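Mapping to my numbering: the sequence shown position 9 is 191, numbers consecutive.
Shown next, in structure tokens, is the structure this report addresses.
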Amino acid sequence: MRLKDRVAIITGASSGIGAACARLFAREGARVALVARREELLEALLHDIRSEGGEALAIKADVSRPEEVERAVRETVETFGALHILINNAGLSRDNLAVKMSAEEWEEVLRVNLWGTFLFCKAAFRPMRRQRYGKIVNTSSVAIRGNIGQANYAASKAGVVALTRTLALEYARAGIRVNCVAPGIIETAMTEGLPEEMKAEALKRIPLGRLGKPEEVAYLHLFLASPESDYITGQVFVIDGGLTIGI
């Protein structure tokens with residue numbers, strides 16, 4: 183088991199990539215704290231993991247609220263005794279053309295995607311520093327290259343890259359590695375709502391000819407969370423089926 187005796191927090195764990203990470207990490211021996219806002223989905227995932235013999239804890243929390251982030255980290259450490267891994271996966275999009283985008287649409291996306299990532303990175307530092315070891319994996323996107331209607335989303339995900347590189351420098355002396363995964367178009371609830379013609383157009387641009395699966399992204403997270411990647415920090419790993427080749 184690649185994560186035996188490790189403790190991991192996974193945000194946005196109720197569905198998609200987050201849920202895939204939770205299931206995989208639990209199978210690999212990690213004790214997993216599942217963090218999300220949708221309690222009913224969290225409880226269902228918690229039941230599934232425990233029924234397969236895994237150890238998990240469900241924490242309903244809003245990643246954009248400092249007090250809830252602190253509570254989630256505290257509850258994890260109190261329950262499992264440590265924190266070794268943080269997967270910052272929570273995110274959302276509110277697409278609109280920039281000239282039509284409201285302040286609320288801009289702020290909500292930045293608050294969850296960037297501010298929430300920062301809050302969890304900050305809260306995780308203290309327990310990770312105590313053990314002189316930690317793995318943080320943040321979530322960016324290939325959308326940082328620019329997408330029409332996604333000024334807020336692209337800005338938030340570009341910010342995550344800059345945050346990752348900065349924290350990799352600041353946290354290194356504490357034995358904490360900070361890296362980032364930038365997925366392309368993955369089969370999640372976020373992409374299910376896209377019109378079929380938009381999906382078809384996207385597929386034309388992907389050399390591998392299909393959308394990615396959450397489980398494929400989860401295996402990249404597993405590598406970055408495991409001891410196998412101990413000499414890697416401050417890096418961005420693109421997983422997009424070749425979408426951004428040549429861009």
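Every residue, glycine too, gets a C-beta built ideally from N, C-alpha and C.
Remember, predicted model here, so these are calculated numbers, not experimental data.
Run of the beta strand (DSSP E) containing residue i, from where it starts to where it stops
{"i": "glutamate 237", "result": "237-242"}
{"i": "glycine 316", "result": "316-321"}
{"i": "isoleucine 191", "result": "189-193"}
{"i": "valine 324", "result": "First-last for valine 324: undefined, no H or E at that position."}
{"i": "alanine 218", "result": "213-218"}
{"i": "valine 418", "result": "418-421"}
Euclidean distance between Cα positions of residue i and residue j
{"i": "alanine 201", "j": "alanine 333", "result": "27 Å"}
{"i": "leucine 349", "j": "arginine 387", "result": "33 Å"}
{"i": "glycine 298", "j": "arginine 219", "result": "13 Å"}
{"i": "lysine 339", "j": "proline 248", "result": "20 Å"}
{"i": "alanine 190", "j": "threonine 261", "result": "12 Å"}
{"i": "proline 377", "j": "valine 420", "result": "24 Å"}
{"i": "alanine 204", "j": "arginine 213", "result": "9 Å"}
{"i": "alanine 400", "j": "alanine 407", "result": "10 Å"}
{"i": "serine 284", "j": "serine 275", "result": "13 Å"}
{"i": "serine 411", "j": "valine 281", "result": "43 Å"}
{"i": "arginine 312", "j": "methionine 380", "result": "48 Å"}
{"i": "glutamate 250", "j": "valine 291", "result": "18 Å"}
{"i": "valine 319", "j": "valine 360", "result": "6 Å"}
First and last residue of the uninterrupted alpha helix (DSSP H) at residue i
{"i": "isoleucine 439", "result": "In the structure as shown, the chain starts at 183 and stops at 429, and residue 439 therefore has no counterpart that could be examined."}
Next item on the list: Answer yes if the region 230-244 comes into contact with the region 200-212, meaning at least three C-beta pairs across the two stretches below 8 Å, and no otherwise.
Entry: yes
Note to self: Could you check whether the region 220-232 touches the region 396-409, counting it as contact only if at least three pairs of C-beta atoms, one from each stretch, sit closer than 8 Å?
What the structure shows: no
Next item on the list: May I ask you to verify whether the region 314-333 touches the region 369-388, counting CB pairs closer than 8 Å and requiring at least 3?
Entry: Touching, no.
Next item on the list: Mind the definition here: the region 263-271 touches the region 187-205 only if three or more C-beta pairs lie below 8 Å; say whether that holds.
Entry: yes
Next item on the list: Could you tell me which uninterrupted beta strand (DSSP E) segments, each at least 3 residues in length, are contained entirely in the region 236-286, listed from first to last along the chain?
Entry: 237-242, 267-270
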